[in-house]
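The structure appears below as structure tokens.
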Amino acid sequence: MEQRADTDTGGGVETPKKMSPWPLFVAVGLAVAEVGIVMEGLYPVAVAGLLLFVGSVAGIVHEAGYVARPWKLLGALGALLVLAGVGVLYSQVGTDLLSALASDSVVVVRGYAILGAGVIAVFGGFAGRFVVDADPSVPE
Amino acid sequence: MAGEQLALTVLMGVLLVGIVALVSRYGDLRSYTPLAGGAGYGGETSHGHSEKPAGLIRWFTTVDHKDIGILYGLYGTIAFLWGGAAVMLMRVELAAPGFDVMQAQFYNSLLTSHGITMLFLFGTPIIAAFSNYFVPLLIGADDMAFPRINAIAFWLLPPAAVLIWAGFFTAPLTGNEIAPAQTSWTMYTPLSAEQVNPGVDLMLLGLHLSGVSATMGAINFIATIFTERSEKVNWANLDIFSWTILTQSALILFAFPLLGSALVMLLLDRNFGTAFFAVDGGSPILWQHLFWFFGHPEVYILVLPPMGLVSWILPKFAGRKLFGFKFVVYSTLAIGVLSFGVWAHHMFSTGIDPRIRASFMAVSLAIAIPSAVKTFNWITTLWNGKIRLTAPMLFCIGFISNFVIGGITGVFLAAIPVDLVLHDTYYVVGHFHYVVMGMIAFAGFGAIYYWYPIVTGKMYQRTLAKWHFWLSMVGTNITFFAFLLLGYLGMPRRYATYNFDAAIAPLAEVTSLHQIATVGAFILMIGQLIWLWNLVSSYYEGPTVEDGDPWNLKEDGMFGREFQWFEAQLARADGGEVEDEELVTDGGRIVNENLTAAVRRVADDDE
Ligand code: HEM
Ligand SMILES: [Cu+2]
Numbered sequence: 001m002e003q004r005a006d007t008d009t010g011g012g013v014e015t016p017k018k019m020s021p022w023p024l025f026v027a028v029g030l031a032v033a034e035v036g037i038v039m040e041g042l043y044p045v046a047v048a049g050l051l052l053f054v055g056s057v058a059g060i061v062h063e064a065g066y067v068a069r070p071w072k073l074l075g076a077l078g079a080l081l082v083l084a085g086v087g088v089l090y091s092q093v094g095t096d097l098l099s100a101l102a103s104d105s106v107v108v109v110r111g112y113a114i115l116g117a118g119v120i121a122v123f124g125g126f127a128g129r130f131v132v133d134a135d136p137s138v139p140e
Numbered sequence: 001m002a003g004e005q006l007a008l009t010v011l012m013g014v015l016l017v018g019i020v021a022l023v024s025r026y027g028d029l030r031s032y033t034p035l036a037g038g039a040g041y042g043g044e045t046s047h048g049h050s051e052k053p054a055g056l057i058r059w060f061t062t063v064d065h066k067d068i069g070i071l072y073g074l075y076g077t078i079a080f081l082w083g084g085a086a087v088m089l090m091r092v093e094l095a096a097p098g099f100d101v102m103q104a105q106f107y108n109s110l111l112t113s114h115g116i117t118m119l120f121l122f123g124t125p126i127i128a129a130f131s132n133y134f135v136p137l138l139i140g141a142d143d144m145a146f147p148r149i150n151a152i153a154f155w156l157l158p159p160a161a162v163l164i165w166a167g168f169f170t171a172p173l174t175g176n177e178i179a180p181a182q183t184s185w186t187m188y189t190p191l192s193a194e195q196v197n198p199g200v201d202l203m204l205l206g207l208h209l210s211g212v213s214a215t216m217g218a219i220n221f222i223a224t225i226f227t228e229r230s231e232k233v234n235w236a237n238l239d240i241f242s243w244t245i246l247t248q249s250a251l252i253l254f255a256f257p258l259l260g261s262a263l264v265m266l267l268l269d270r271n272f273g274t275a276f277f278a279v280d281g282g283s284p285i286l287w288q289h290l291f292w293f294f295g296h297p298e299v300y301i302l303v304l305p306p307m308g309l310v311s312w313i314l315p316k317f318a319g320r321k322l323f324g325f326k327f328v329v330y331s332t333l334a335i336g337v338l339s340f341g342v343w344a345h346h347m348f349s350t351g352i353d354p355r356i357r358a359s360f361m362a363v364s365l366a367i368a369i370p371s372a373v374k375t376f377n378w379i380t381t382l383w384n385g386k387i388r389l390t391a392p393m394l395f396c397i398g399f400i401s402n403f404v405i406g407g408i409t410g411v412f413l414a415a416i417p418v419d420l421v422l423h424d425t426y427y428v429v430g431h432f433h434y435v436v437m438g439m440i441a442f443a444g445f446g447a448i449y450y451w452y453p454i455v456t457g458k459m460y461q462r463t464l465a466k467w468h469f470w471l472s473m474v475g476t477n478i479t480f481f482a483f484l485l486l487g488y489l490g491m492p493r494r495y496a497t498y499n500f501d502a503a504i505a506p507l508a509e510v511t512s513l514h515q516i517a518t519v520g521a522f523i524l525m526i527g528q529l530i531w532l533w534n535l536v537s538s539y540y541e542g543p544t545v546e547d548g549d550p551w552n553l554k555e556d557g558m559f560g561r562e563f564q565w566f567e568a569q570l571a572r573a574d575g576g577e578v579e580d581e582e583l584v585t586d587g588g589r590i591v592n593e594n595l596t597a598a599v600r601r602v603a604d605d606d607e
């Protein structure tokens, strides 16, 4: 649009950066995750959506400067997903979690999808910390 | 089955890799240098351009409140067109008593889509368009308190719309396996819980996302208005529009999470075997309580900011400051509080305890008092004013006139004996359309015209804008007054046909009134097409606004903060310097008069 809409009053002081790639992905991640979890037969979509969501949350929080590196947060969010997944399984089969393996209930599959996404995110957190951050060629 | 899952997994993997690749290019975006800036979006000056990339990427990555306001506006407009198209098909079907154009299922889908779209995808976002763009300007903030959350809140909406409308696209692809929802916007159980159609789940998910979006936005506005005001803005001179946005945000904060929870419960009932709303579990009435505890505040979430817009714009063209500013603020707060105590007036006929019912009637009637305070304050502001009938002003006056009918019909409905007769007839539909079309849309149009110069730097075509107003005003009143009469005749709402027994309603009269309503709807539609044409063509070809005071507001001391900002922008683009100016809320004094440009491209509007 007009260029004048691009500048800010700010008394001549440059205001903070006006762009971020993350919001779009946080939103799409949440949407895809919700659809994947609720709609029957879309479990891979649930995994991808959850990963996209926790990944971009870690990214945006890091970008906003609330954490120095995103990895720990990614791992923590992954751990929450693991807990949630186990919770869903528990709601279906009680403490004998192993019997969930034999169950063919659609709710159990959903629990596995959430659990699986959590495991991958935890793994991603470790990978980030010990592989990416250990690589001196990657800039801060 | 396994093959499908595999294909889906591969697809999602590709999607994720694509996203990672895209975001990793973000390093390049970040090193976008000021020197390379400018080109691609106006490109006249180098001022402040180091912060945004060019082209489409800018719109996908922006966290600037003004850009996000524009995105909300475009989004709301698209939703308005979708909802409008749906209702025009319905009006055509209803022009004759039988099933002539479509079958009941399709009618019900259109009805559901129209209601949900207009309330959640048009109404709430179009208000956010104004508040995102202008609240920071009006309170002298650099941006919202949480610009990234602001962007997330917006980006939740396109997926929400895709999900809410999904059934219309998937039905032909899946042979009606996944069809559009037919639940009406109230999604009453057990109907909504028992329909197996997965399109209903998609719609509920979309609705849930739109609620998350509204809640994030509300938190952001509350934080912004509390913490980001410039030193010159205190609670006493906070402008009326920001007051209504603050109140609205508080209502959203209490109402939308409740809707979200209720939707999740409904989804669990549908997919996870729970029994919150089952007849032998919780109960279908539980849904109605939860829904209306959200639903009634929602109507005030939708109407308070438009009231704020009118309270802001009307004085500008009456040449006097808003009469009784303080009381307009108090009445806003009062409505905000009371609106949580009236939800059961939507349930008078469900057999709740008569004593409880009576107390809901009392509170509902009480809401008429602060509403009347506002109405009388607007009228008193006009009294003896120097009235200029510009397009924004015409829409403000139309708003008040429609509110008189919309509000009074509401008071009638709040009386239990009247409601028991008129409930679930077209009278109710007429009542709330006077409010939603006659007020919310009208205030929105007025504000679009009023701020068009700031947002686009251009001026709209004034004759077309007046055509738009008159067609809208006449169309609204023909259509929805016919609805009120249809209600008196006993025409039930949500029917795709009215080829019924004369014991229900007199067929000849009902048919004529439906035909009148259809004609009114077409008049309305023509008005909106003119509006669209005007905005788009003026954006490309309209005269450039070179004066920071296109409405001649300085003369009457009504030059508001947002136009001061605009003037400063213009002066800066010319390389001039701007002195600091005194803040005006509803018509205080302004200090800096000397920036008034010699040539007013857009002078006083013709009367
Ligand atoms: C002046 C205050 C108002 C009063 C006393 C009032 C009263 C009522 C009552 C009693 C009903 C229920 C009628 C029935 O279903 O039998 C109703 C319905 C409705 N009102 Fe109002 N109203 C007022 C203002 C508003 C406003 C400002 C809006 C919109 C922004 C609005 C939107 C609605 C809607 C959407 C419905 C229909 C809901 C449905 O059943 O689908 N009302 N109103
Ligand atoms: Cu209500």
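Chains as they are written, first to last, in UniProt numbering: chain C, 1 to 140; chain H, 1 to 607. Here a beta-carbon is modelled for each residue, glycine too, at the ideal position from N, C-alpha and C.
For ALA129 (chain H), same chain residues with a beta-carbon under 7 Å away, outside a window of 5 residues either side, are GLY69, TYR72, GLY73 and GLY76 in chain order.
A check of alpha carbon separations from TYR450 (chain H) across H:GLN528, H:PRO125, H:LEU81 and H:PHE134 identifies H:PHE134 as the nearest. Any heavy atom of ligand 2 counts here; residues with a Cβ closer than 6 Å to one of them, in chain order, are H:HIS296, H:VAL299, H:VAL342, H:HIS345 and H:HIS346.
Contact with chain C is absent for ALA128 (chain H), since none of that chain's Cβ atoms lies less than 9 Å from the residue's Cβ. The beta carbon of LEU77 (chain C) sits no closer than 9 Å to any beta carbon of chain H. With a threshold of 9 Å between beta carbons, GLY59 (chain C) makes contact with chain H. Neighbourhood of LEU51 (chain C) in chain H, by CB distance below 7 Å: LEU16, in chain order.
Counting only residues of its own chain and dropping the five nearest sequence neighbours on each side, LEU89 (chain H) has a CB closer than 6 Å to the CB of LEU110. DSSP places LYS458 (chain H) in the strand class (E or B) of the three-state scheme. Only buried fits GLN528 (chain H), as 16 or more other CB atoms lie within 10 angstroms of its CB.
Just so you know, the alpha carbons of GLY85 (chain C) and VAL108 (chain C) end up roughly 9 Å apart. Not flagged as an interface residue toward chain H: LEU101 (chain C), since no C-beta distance is shorter than 9 Å. For PRO257 (chain H), no Cβ of chain C is located within less than 9 Å of the residue's own Cβ.
Within chain C, no C-beta atom comes less than 9 Å from the C-beta of ASP269 (chain H); the nearest is roughly 12 Å away. DSSP, reduced to helix, strand and coil, places PRO21 (chain C) outside both helices and strands of the structure shown, so it counts as coil. For PHE123 (chain C), no chain H residue has a C-beta closer than 8 Å to its own C-beta; the minimum C-beta separation is roughly 14 Å. The C-beta of PRO53 (chain H) comes closer than 9 Å to at least one C-beta of chain C. Under the Cβ criterion of 9 Å, MET459 (chain H) is not counted among the residues facing chain C. For the segment 161–194 of chain H, residues whose beta-carbon sits nearer than 9 Å to a beta-carbon of chain C comprise VAL162 and LEU163. Comparing alpha carbon positions, the residue from H:LEU266, H:ALA145, H:MET118 and H:MET216 closest to LEU205 (chain H) is H:LEU266. For ASP419 (chain H), the enclosing alpha helix (DSSP H) begins and ends at 416–422. By the C-beta criterion, the segment 221–239 of chain H is judged not to be in contact with the segment 153–168 of chain H, since fewer than 3 inter-stretch pairs fall below 8 Å. The way I'd put it, the segment 327–334 of chain H does touch the segment 367–387 of chain H; three or more beta-carbon pairs between them come closer than 8 Å.
Using beta-carbon distances, LEU209 (chain H) counts as an interface residue toward chain C, with a partner under 9 Å. Taking the beta carbon of VAL45 (chain C) as reference, the chain H residues within 7 Å of it are LEU8 and MET12, listed in sequence order. The C-beta of PRO23 (chain C) comes closer than 9 Å to at least one C-beta of chain H.
At a cut-off of 9 Å between beta-carbon atoms, ILE225 (chain H) makes no contact with chain C.
ALA64 (chain C) has a beta carbon lying within less than 9 Å of a beta carbon in chain H. For the pair ASN384 (chain H) and ARG320 (chain H), the CB atoms are nearer than the 9 Å cut-off. Contact check for PRO543 (chain H) and MET459 (chain H): beta-carbon distance about 5 Å, within the 8 Å limit, so the pair qualifies. Contact of LEU42 (chain C) with chain H by beta-carbon distance below 8 Å involves LEU8. Using beta-carbon distances, LEU30 (chain C) counts as an interface residue toward chain H, with a partner under 9 Å.
Any Cβ of chain C closer than 9 Å to the Cβ of ALA151 (chain H) would place that residue at the interface, and such an atom is present. Within the segment 522–539 of chain H, contact with chain C at the beta-carbon level (separation under 9 Å) is assigned to TYR539. Bounds of the alpha helix (DSSP H) holding VAL310 (chain H) are 284–318. Secondary structure at PRO172 (chain H): helix, using DSSP grouped into helix, strand and coil.
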